[in-house]
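Under this note's numbering, think of the first position of the sequence shown as 9, with each following residue one higher. We put the CB at the ideal spot given by N, CA and C, even for glycine. Predicted, not measured: the structure shown is a model, and the values here were computed from it. Report on one structure; see the data block that follows.
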Amino acid sequence: ADHPGWGLIAMTMSQQIELAKQAGERTHHFHGGLRLRHHKKISCRDPVQQPPLPKLLAVPLLQHAGDIAEPLVSVGEAVLKGQQIGQCQPCAAVHSPVSGIVVAIQEQPMSHPSGQPGPCVLIEPDGREQWAALEPFNDWLDASPDRLMTHMQRCGLAGLGGAVFPTHTKVRDGRNRRTHTLILNGVECEPYISCDEMLMREQPDKIILGARILRRALGAKRVIIAIEDQMGAVQKALTGCAEFANSENISVIEVPTIYPEGGERQLVQSLTGLEVPLGGRPSDLGMVCQNVATAAAVAEAVTGGKPLIDRYVTVTGSGISHPRNFRALFGTPVSHLVEQCGGYTEDVARLVIGGPMMGYPLSSDDAPVVKASNCILALTHSDIADPQPEMPCIRGGECARVCPAMLLPQQLQLFIRNELWDPVQTHGLAACIECGCCDYVCPSHIPLVEWFRFGKGELRKRTLESEAAELARKRFENREARLLRLKQERAEKMARRKQLLKDKAMQQDRIRASIERAENKGRKKLPTQDTGAPDDT
Numbered sequence: 009a010d011h012p013g014w015g016l017i018a019m020t021m022s023q024q025i026e027l028a029k030q031a032g033e034r035t036h037h038f039h040g041g042l043r044l045r046h047h048k049k050i051s052c053r054d055p056v057q058q059p060p061l062p063k064l065l066a067v068p069l070l071q072h073a074g075d076i077a078e079p080l081v082s083v084g085e086a087v088l089k090g091q092q093i094g095q096c097q098p099c100a101a102v103h104s105p106v107s108g109i110v111v112a113i114q115e116q117p118m119s120h121p122s123g124q125p126g127p128c129v130l131i132e133p134d135g136r137e138q139w140a141a142l143e144p145f146n147d148w149l150d151a152s153p154d155r156l157m158t159h160m161q162r163c164g165l166a167g168l169g170g171a172v173f174p175t176h177t178k179v180r181d182g183r184n185r186r187t188h189t190l191i192l193n194g195v196e197c198e199p200y201i202s203c204d205e206m207l208m209r210e211q212p213d214k215i216i217l218g219a220r221i222l223r224r225a226l227g228a229k230r231v232i233i234a235i236e237d238q239m240g241a242v243q244k245a246l247t248g249c250a251e252f253a254n255s256e257n258i259s260v261i262e263v264p265t266i267y268p269e270g271g272e273r274q275l276v277q278s279l280t281g282l283e284v285p286l287g288g289r290p291s292d293l294g295m296v297c298q299n300v301a302t303a304a305a306v307a308e309a310v311t312g313g314k315p316l317i318d319r320y321v322t323v324t325g326s327g328i329s330h331p332r333n334f335r336a337l338f339g340t341p342v343s344h345l346v347e348q349c350g351g352y353t354e355d356v357a358r359l360v361i362g363g364p365m366m367g368y369p370l371s372s373d374d375a376p377v378v379k380a381s382n383c384i385l386a387l388t389h390s391d392i393a394d395p396q397p398e399m400p401c402i403r404g405g406e407c408a409r410v411c412p413a414m415l416l417p418q419q420l421q422l423f424i425r426n427e428l429w430d431p432v433q434t435h436g437l438a439a440c441i442e443c444g445c446c447d448y449v450c451p452s453h454i455p456l457v458e459w460f461r462f463g464k465g466e467l468r469k470r471t472l473e474s475e476a477a478e479l480a481r482k483r484f485e486n487r488e489a490r491l492l493r494l495k496q497e498r499a500e501k502m503a504r505r506k507q508l509l510k511d512k513a514m515q516q517d518r519i520r521a522s523i524e525r526a527e528n529k530g531r532k533k534l535p536t537q538d539t540g541a542p543d544d545t
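Set out below in structure tokens:
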């Protein structure tokens, strides 16, 4: 009864929404988490650099959550910088990051967890950097939210925090749910990653402007920019820009540095003390989360008409000679950025996209930078623990203690291993954010996150199979109903024809009877005629 969550469980959703309006008045702690060394300073020593153009850029047609974009260009065609080269309704558009010639449209290695190749537009830069015609919004303060959202889609805006969910779709959903608070996520909880911190240091004015535009599109009343409590310089820069712009109801809130405080659900809980409902979204509480880099991209797209063609990328790790941050064009090979950092060190052992906790390994540095590429991490042998044999679970409970989603990882892994899928669902596997905390503390070296990813894949497969079976059942039932209906219609039609023929026969019989009666009546009325012949008698 003394558990702090029981009072929240008893609240109605409307009461929780009212409580969420007080977000940021004080910070709260979410369950679990880890305190990790951040290793961010090594990449923040130098200002962000624009690397030189590579010889060839491979621009993937899938850089957002959704379907693959259809190419709008052909091989041999000249393209301009910022020209739309891929279209996907209702997802975000894809644009050329340079001016040049399209040399191929083919399958190429991609920066994707699956490691599978994907369709890419290969562009050879011409070095002229000639822009396509841009369409800025000069009156965004008076523009309708629908116009702003359409412009965001046309400029290819997607979430730059990692999920790359189309920005206009998320904004439309938030507006439909009557959002009262916009949260800009500047909390980089993963070690080594510093691209958002450098962006907030160097371009706080664009973040504040993007926050105002997003607030206008959402219809929200206030904005919270969440940063880590170790970002003193960032807090000062953002607060100063907000005051200079006379922007009311924009506050910068520092949250405790406990991994994974940058997760969307954990950040909402840190600011409000409320948990996002299982299977729900922050918009259920009247809140929408966007990354600070997304806000800066919104400002450039709306006020300058610039589509999303580049982003801040951290290139770091013990395997990099000179770690730093770049503003890299999409399609730039990872190897090109590593070369600008002085190359790899001699003892480099692994290349990772993202951070050490939630990132995924790259098999080749030919993979291009995409909208989701926030960090390129090169690790050495000393950074990587020696592989340990998996041992039986000792039921120590450390994984449950650190799980920010308040799950029972050891129990979920047991259910998945034994293919008990109903308990897997009821124990909330869908709430797992794959943060890796349970892996980090497991004394038995069980790859729990890999098991959970496998379990999620199996559940998706079972869901698709169930949906296909349900669709087949409905088709069968509809077919049987259709055949029965046709059979009944044919029977009714045959019965009507028989009745019609019967009625017709009866009518003919009545007509024939009437004729016979008339003839008989006529014979009875005819007089006997005297012929004058002698009587034989």
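With a threshold of 16 other CB atoms inside 10 Å of the CB of ASN257, please say whether the residue is buried or exposed. As a working note, residue 257 is residue 249 in the sequence shown. Under this definition ASN257 is an exposed residue.
Should GLN298 be labelled buried (16 or more other beta-carbon atoms within 10 Å of its own) or exposed? Working through the sequence shown from its first residue, we reach residue 298 at position 290. The residue is buried, with at least 16 neighbouring Cβ atoms inside 10 Å.
Can you grab the Cα-Cα spacing for the pair GLN92 / GLN58, in whole Å? Along the sequence shown, one-based indexing puts residue 92 at 84. Along the sequence shown, one-based indexing puts residue 58 at 50. The straight-line gap from Cα to Cα measures roughly 22 Å.
Determine the contact status of LEU437 and LEU420, defining contact as a CB-CB distance below 8 Å. Start at 1 with the first residue of the sequence shown, and residue 437 comes out as number 429. Start at 1 with the first residue of the sequence shown, and residue 420 comes out as number 412. Result yes, Cβ atoms of LEU437 and LEU420 sit closer than 8 Å.
Following the continuous alpha helix (DSSP H) through GLU212, name the residue where it begins and the one where it ends. On the sequence shown, residue 212 is found 204 positions in, with the first residue counted as 1. What sits at residue 212 in the sequence shown is Pro, not Glu. From DSSP, the alpha helix (DSSP H) with PRO212 extends over 212-226.
Would you kindly work out how many angstroms separate the C-alpha atoms of PRO376 and VAL106, rounded to a whole number? Within the sequence shown, numbered from 1, the residue matching residue 376 stands at position 368. Within the sequence shown, numbered from 1, the residue matching residue 106 stands at position 98. Near 14 Å, if we compare the C-alpha coordinates of VAL106 and PRO376.
State the start and end residues of the unbroken alpha helix (DSSP H) segment that holds ASN184. Locating residue 184 in the sequence shown gives position 176, where the first residue counts as 1. Element bounds for ASN184: 175-184.
Ordered along the chain, which non-local residues of its own chain (more than five positions away) have a Cβ less than 8 Å from that of PRO125? Within the sequence shown, residue 125 is the residue found at index 117, counting from 1. So the qualifying residues of the chain are GLU115, GLN116, PRO117 and MET118.
Output the distance between the C-alpha atoms of GLN71 and TRP148, rounded to the nearest integer angstrom. Here residue 71 is taken as the residue at index 63 of the sequence shown, counted from 1. Here residue 148 is taken as the residue at index 140 of the sequence shown, counted from 1. Taking the straight line joining both Cα atoms gives about 27 Å.
Within a Cβ cutoff of 6 Å, which residues of the same chain sit near GLU132, ignoring the five residues on either side of it in sequence? Residue mapping note: residue 132 aligns to position 124 of the sequence shown, counting from 1. Correct list, in chain order: LEU64, GLY108, ILE109 and VAL111.
Uninterrupted alpha helix (DSSP H) stretches inside the stretch 241-306 (no shorter than 4 residues): 272-280
According to the Cβ coordinates, are MET206 and TYR320 closer than 8 Å? Residue 206 sits at position 198 when you count from the first residue of the sequence shown. Residue 320 sits at position 312 when you count from the first residue of the sequence shown. Contact flag set, yes.
Is it the case that the stretch 207-218 contacts the stretch 298-312, given that we only count it when at least three CB pairs across the two stretches are under 8 Å? yes
Collapsed DSSP secondary structure at VAL83 in the structure displayed: The sequence position of residue 83 within the sequence shown is 75, counting from 1. Coil at VAL83, not helix or strand.
Using CA atoms only, rank isn't needed, just tell me which of CYS96, HIS120, ASN146 and ILE113 is closest to LEU130. Position 122 of the sequence shown, counted from the first residue, corresponds to residue 130. Of the candidates CYS96, HIS120, ASN146 and ILE113, the one whose C-alpha sits nearest the C-alpha of LEU130 is ILE113.
So, with DSSP's three-state summary, where would you put GLN396? As a working note, residue 396 is residue 388 in the sequence shown. Three-state DSSP puts GLN396 in coil, outside helix and strand.
Judging by CA-CA distance, which residue of ALA480, PRO127, ALA171 and ARG136 is the nearest neighbour of GLY367? If you number the sequence shown from 1, residue 367 lands on position 359. For the residues ALA480, PRO127, ALA171 and ARG136, the minimum Cα distance to GLY367 belongs to ALA171.
Starting from GLU347 and walking both ways along the alpha helix (DSSP H), at which residues does that stretch end? For the purposes of this step, residue 347 is taken as the residue at position 339 of the sequence shown. Start and end: 342-348.
Give me the Cβ distance between LYS265 and GLY167, rounded to the nearest whole Å; I'm assuming they're in contact under 8 Å. By one-based count along the sequence shown, residue 265 stands at place 257. By one-based count along the sequence shown, residue 167 stands at place 159. Sequence inspection shows Thr at residue 265; the Lys mentioned does not correspond to that position. With 8 Å as the limit, THR265 and GLY167 do not qualify as a contact, their Cβ atoms being about 22 Å apart.
Only counting runs of 3 or more residues, tell me where the beta strand (DSSP E) segments fall wholly within the stretch 120-148, in order along the chain. 126-133
Between the stretch 194-205 and the stretch 225-241, can you find at least three pairs of beta-carbon atoms closer than 8 Å? yes
Using the Cα positions of CYS96 and LYS495, report the straight-line distance between them to the nearest angstrom. Within the sequence shown, residue 96 is the residue found at index 88, counting from 1. Within the sequence shown, residue 495 is the residue found at index 487, counting from 1. Each residue's Cα considered, the two are about 45 Å apart.
Would you mind sorting LYS506 into buried or exposed? The rule is 16 or more other CB atoms within 10 Å of its CB. Taking the sequence shown and counting its residues from 1, the one referred to as residue 506 is at position 498. Exposed, because fewer than 16 other Cβ atoms sit within 10 Å of the Cβ of LYS506.
Here's the rule I'm using: 16 or more other beta-carbon atoms within 10 Å means buried, otherwise exposed. How should LEU142 be labelled? If you number the sequence shown from 1, residue 142 lands on position 134. Label assigned to LEU142: exposed.
Minimum length 4: unbroken alpha helix (DSSP H) runs contained in the stretch 423-453: 429-434 and 445-449
Beta-carbon within less than 7 Å of LYS464's beta-carbon, same chain only, minus the 5 sequence neighbours each way: which residues are those? Mapped onto the sequence shown, residue 464 falls at position 456. Correct list, in chain order: LEU437.
Could you tell me how far apart the beta carbons of ALA329 and GLY351 are, in whole angstroms, since I believe they sit closer than 8 Å? Taking the sequence shown and counting its residues from 1, one reaches residue 329 at position 321. Taking the sequence shown and counting its residues from 1, one reaches residue 351 at position 343. Before going further, note that residue 329 is Ser rather than Ala in the sequence given. Contact holds; Cβ gap of about 6 Å.
Do ALA439 and LEU286 have their CB atoms nearer than 8 Å? Along the sequence shown, read from residue 1 onward, the residue named residue 439 stands at position 431. Along the sequence shown, read from residue 1 onward, the residue named residue 286 stands at position 278. Yes, the Cβ-Cβ distance between ALA439 and LEU286 is below 8 Å.
Can you grab the Cα-Cα spacing for the pair GLN418 / HIS103, in whole Å? Against the sequence shown, residue 418 aligns to sequence position 410. Against the sequence shown, residue 103 aligns to sequence position 95. Straight-line Cα distance between these residues: approximately 45 Å.
If you drop the 5 nearest sequence neighbours on each side, which residues of the same chain put their C-beta closer than 6 Å to that of ARG185? Here residue 185 is taken as the residue at index 177 of the sequence shown, counted from 1. Within the same chain, ARG185 has close Cβ partners SER291.
Identify whether GLU78 lies in helix, strand or coil by the three-state DSSP scheme. Residue numbering aside, residue 78 sits at position 70 when the sequence shown is read from its first letter. Looking at GLU78 - three-state DSSP - the assignment turns out to be strand.
Could you tell me the distance, in whole angstroms, from the CA atom of HIS11 to the CA atom of VAL457? Looking up residue 11 in the sequence shown gives position 3. Looking up residue 457 in the sequence shown gives position 449. In this prediction, HIS11 scores a pLDDT of 42, lower than 50, which makes its location untrustworthy; the coordinate-derived value is nonetheless stated afterwards. Each residue's alpha carbon lies about 28 Å from the other.
Does VAL323 come out as helix, strand or coil in the three-state DSSP assignment? If you number the sequence shown from 1, residue 323 lands on position 315. If DSSP states are grouped into helix, strand and coil, VAL323 belongs with the strands.
Local conformation of ALA112 per DSSP, three classes: Translated into positions along the sequence shown, residue 112 becomes position 104. In the structure shown, ALA112 sits in a strand (DSSP, three-state: E or B).
I'd like to confirm the pairing. Which residues does DSSP put opposite ASN528 in its beta bridges? Along the sequence shown, one-based indexing puts residue 528 at 520. Paired residue(s): none; ASN528 is not in a bridge.
Who are GLY94's beta bridge partners in DSSP? Here residue 94 refers to the residue found at position 86 when the sequence shown is read from its first residue. The partner list for GLY94 (beta bridge, DSSP) reads PRO79 and VAL102.
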